Amino acid sequence: QVENAFRVFTQRDDIAILLINQHIANEIRGVLDEYYEMVQGRQNPLPTILEIPSKTHPYEMDKDSLMTRVQALMGPREL
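This note's numbering numbers the first residue of the sequence shown as 198 and each following residue consecutively.
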């Protein structure tokens, strides 16, 4: 169900930012990776996906796809 909802929301043109708890994003990581590959290089890659921490699950920066991409662009520095 989560994968289907994600696909529906990412196809809508009235959504610019999609917030998803990190632990839910981890459950559909393959679908997220496919989406990131699909929008890579687009001039306007919308919606933007933001993985946010949950109150009930610990935040894991190494599993946050946005932070992973930022770190790859900045090099091996610590964030």
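Even glycine gets a Cβ: it sits at the ideal position worked out from N, Cα and C. Computed from a predicted model, the values in this text were never measured in an experiment.
- Per the DSSP secondary-structure output, residue 215 pairs in a beta bridge with 246.
- DSSP places residue 225 outside both helix and strand once states are collapsed to three, so it counts as coil.
- Pairing residue 253 with residue 229, the inter-Cα distance amounts to about 22 Å.
- Counting along the chain, no alpha helix (DSSP H) covers residue 253, and no H or E run does either.
- Secondary structure of residue 241 (DSSP, three-state): coil.
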